[in-house]
Each structure stands twice: as structure tokens, then as C-alpha cells.
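Structure first, then comments.
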Amino acid sequence: MSISSVDVIEKGMRCLSENMGAMETELFIATLLRERFDYTKWRSSLVDSVKTFADLDKFVKSSCGVTKFSGNPKVVL
Numbered sequence: 001m002s003i004s005s006v007d008v009i010e011k012g013m014r015c016l017s018e019n020m021g022a023m024e025t026e027l028f029i030a031t032l033l034r035e036r037f038d039y040t041k042w043r044s045s046l047v048d049s050v051k052t053f054a055d056l057d058k059f060v061k062s063s064c065g066v067t068k069f070s071g072n073p074k075v076v077l
């Protein structure tokens, strides 16, 4: 089954709102639009050093406690 852009946007907005609240969600979106944020470039800079599962384990351990996320995160690369 193919997922539509609308479905992805609705799911993303729900996720942001549930985990960040309305004000932080609005600020997040406004910042992305204003800064012309390139997610692909940002993401690749984080995972360039991950070549093996051992590298991934190190990456995950080093990132624990660094973010201020208050939800129930799952690592998605």
C-alpha cells in the first residue's frame, strides 16, 4: 500500500504536537522554513562515520542524553 503525502504530513504533525506541544511544533516548522534546512545533508553529517553495527552502537551510546527529547524515541537512520 502506498502512503500519500497528506498521510505523512498528518502523521508528522501528530508526532510533533504530541511530543513537543503546539508552540514548539510551530517554532520547529518556522525555523525549518526560515533556515532552509537541508535534512538530508544534516542527517548524512551525523551518520557518515557509521559503517558497521559496532559503529552504530557507538553512535547510539554517544548520543544518549545529548538530546532533550521527552518522548519515547526510537533510533531511525
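Counting with the numbering used here, you get residues 1 to 77 for the letters of the sequence shown. Glycine included, each C-beta is placed from N, C-alpha and C at the ideal position. Note that this is a predicted model, so its numbers are computed, not measured.
Helix, strand or coil at residue i according to DSSP, with G and I counted as helix
i, result
"T31", "helix"
"S5", "helix"
"V60", "helix"
"V47", "helix"
"T52", "coil"
"R14", "helix"
C-alpha distance - residue i paired with residue j, whole-angstrom precision
i, j, result
"C64", "T25", "22 angstroms"
"I9", "T52", "32 angstroms"
"F28", "M20", "9 angstroms"
"I3", "T40", "20 angstroms"
Cβ shell of residue i (< 8 angstroms), same chain only, five flanking positions each side left out
i, result
"S49", "D55, F59"
"S17", "T25"
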